Amino acid sequence: MPELPEVEVVRRGLEAHVLDRRITAVEVLHPRPVRRHLAGPSDFAATLTGRTFTAARRRGKYLWLPLDNGDALLGHLGMSGQMLVQEPGAADEKHLRVRFSFAGSGPAGEAPGERSDRLELRFVDQRMFGGLSLAPGGAELPAELTHIARDPLDPAFDDAAFPRRVRRSESGIKRILLNQSMISGVGNIYADEALWLAELHGDRPGRMLRPADVERVLTGVRAVMTAALAQGGTSFDALYVNVNGESGYFDRSLEVYGQEGQPCSRCGTPIRRVAFMNRSSYFCPTCQKAPRARRN
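Going by the numbering used here, the sequence shown opens with residue 1, and the numbers climb by one from there.
This is the structure in structure tokens:
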């Protein structure tokens with residue numbers, strides 16, 4: 001599933017291409033991606049037609065595009081969602097679900113829609129776990145996202161409060177990193193990479209960590225996400241791409257995730273994989289010592 005760097009790359013692409021253009025048509029080719037719009041696909045399309053996106057924002061792994069009427073289009077990529085910017089007439093993607101057609105942006109001083117440089121925004125989703133929905137009055141922050149914590153790259157992230165919250169928790173530090181109400185945008189890949197950088201095992205309970213340990217984890221999260229952003233995110237297959245259809249290449253820089261059996265670049269010990277929450281965790285058993293089992 002795309003994590004913060006991948007979603008941020010998409011947000012930046014949307015910001016560059018679709019703002020201040022009038023939506024001239026919306027075509028819902030499959031109802032599932034707009035399933036949360038209870039009035040149905042036709043009303044979804046009619047409500048957005050004629051509107052203009054004024055910004056592209058993100059909270060954790062969610063995107064939203066504020067509209068010129070104070071509402072917003074809320075989007076989640078799920079496991080395989082893509083938001084692609086295409087020229088009209090380009091061949092339809094195999095799993096195209098929703099198409100937005102736009103008028104040109106207009107030269108400075110002219111109303112949007114006066115130029116001929118039209119384009120389309122296409123929501124493509126093979127597995128259809130992602131989706132789009134309307135958020136009335138959600139231009140600043142949709143109500144659906146108020147429970148999601150700020151992410152570590154957000155300037156308003158509370159560095160002082162985070163260690164206190166972590167150290168009150170009995171959960172392992174990896175579970176804490178994946179808890180979107182504690183810290184948003186971190187998924188399985190970047191949690192493993194950050195914990196390797198911090199030299200901490202993911203099962204170590206939050207209550208057992210020193211403030212310096214938590215600060216080291218936070219530093220690791222920021223470092224790995226910043227590096228991933230610079231490389232367009234992580235793509236293991238064709239399911240994650242940016243708005244131009246290009247894959248990220250941070251997978252070439254991964255230290256532990258997906259590296260089972262490969263030597264740790266820090267100490268040479270083979271990287272180990274264990275089952276974790278129906279997924280996998282990757283770590284160096286030498287650099288990241290597992291906590292001692294509790295005695296009853």
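Yeah, the Cβ is synthetic: ideal placement off N, Cα and C, and Gly gets one too. Please read these numbers as outputs of a predicted model, since none were measured by experiment.
Distance check between residue 73 and each of 96, 47 and 118 places 47 closest, using alpha-carbon atoms only. Apart from the 5 residues on each side of it in sequence, residue 178 sits with its Cβ closer than 8 Å to the Cβ of 186, 187, 188, 191 and 277 in its chain, given in chain order. Residue 224 and residue 12 have their C-alpha atoms roughly 19 Å apart. Contact between residue 147 and residue 181 holds, since their C-beta atoms are separated by about 6 Å, short of 8 Å. As the crow flies, the alpha-carbon of residue 31 is around 18 Å from that of residue 101. For residue 166, same chain residues with a beta-carbon under 6 Å away, outside a window of 5 residues either side, are 176, 206 and 214 in chain order. Measuring C-alpha to C-alpha distances from residue 150 to each of 143, 158 and 75 identifies 158 as the nearest. Distance between residue 69 and residue 143, taken at the CA atoms: about 16 Å. Boundaries around residue 275 are those of the beta strand (DSSP E), 272 to 276, since no alpha helix (DSSP H) includes it.
In this structure, residue 59 and residue 86 do not form a Cβ contact; the two beta carbons are roughly 26 Å apart against a cut-off of 8 Å.
Ranked by Cα distance from residue 6, the first of 63, 54 and 36 is 63.
Counted as a single uninterrupted DSSP element, the beta strand (DSSP E) harbouring residue 124 occupies residues 119 to 125.
Cβ neighbours of residue 53 within its own chain (closer than 6 Å, five residues either side excluded): 18, 19 and 65. In the structure shown, residue 148 falls within a coil segment according to DSSP collapsed to helix, strand and coil. The region 123 to 198 is shown to contain whole beta strand (DSSP E) runs of 3 or more residues at 131 to 135, in chain order. Pairing residue 153 with residue 9 gives a Cβ-Cβ distance that is not under 8 Å. Per DSSP, residue 79 is not a residue of any alpha helix (DSSP H), being assigned neither H nor E.
Sequence-distant Cβ neighbours of residue 163 in its own chain, meaning closer than 7 Å and more than five residues away, are 211, 214 and 215. Per DSSP, residue 26 is one residue of the beta strand (DSSP E) stretching across 23 to 28. Straight-line spacing of the CA atoms in residue 201 and residue 184 works out to 20 Å. Checking the DSSP bridge columns, you'll see residue 72 partnered with 66 and 135. Burial state of residue 203 is buried, judged by a 10 Å Cβ sphere holding 16 or more other Cβ atoms. In this structure, residue 199 and residue 254 do not form a Cβ contact; the two beta carbons are roughly 17 Å apart against a cut-off of 8 Å.
Of all alpha-carbon atoms in 196, 266 and 57, the one lying nearest the alpha-carbon of residue 257 is that of 196. Under DSSP, residue 85 takes part in a beta bridge, and its partners are 121.
If you draw a straight line from the Cα of residue 279 to the Cα of residue 15, it comes to about 33 Å. For residue 283, the enclosing beta strand (DSSP E) covers residues 279 to 283. DSSP, reduced to helix, strand and coil, places residue 19 outside both helices and strands of the structure shown, so it counts as coil.
Between residue 117 and residue 138, the C-beta gap is not smaller than 8 Å, which leaves the two residues out of contact. If you draw a 10 Å sphere on the C-beta of residue 56, you find 16 or more other C-beta atoms in it, and that means buried. For the set 78, 99, 80 and 269, the Cα lying nearest the Cα of residue 88 is the one of 99.
In the structure shown, residue 57 falls within a strand segment according to DSSP collapsed to helix, strand and coil.
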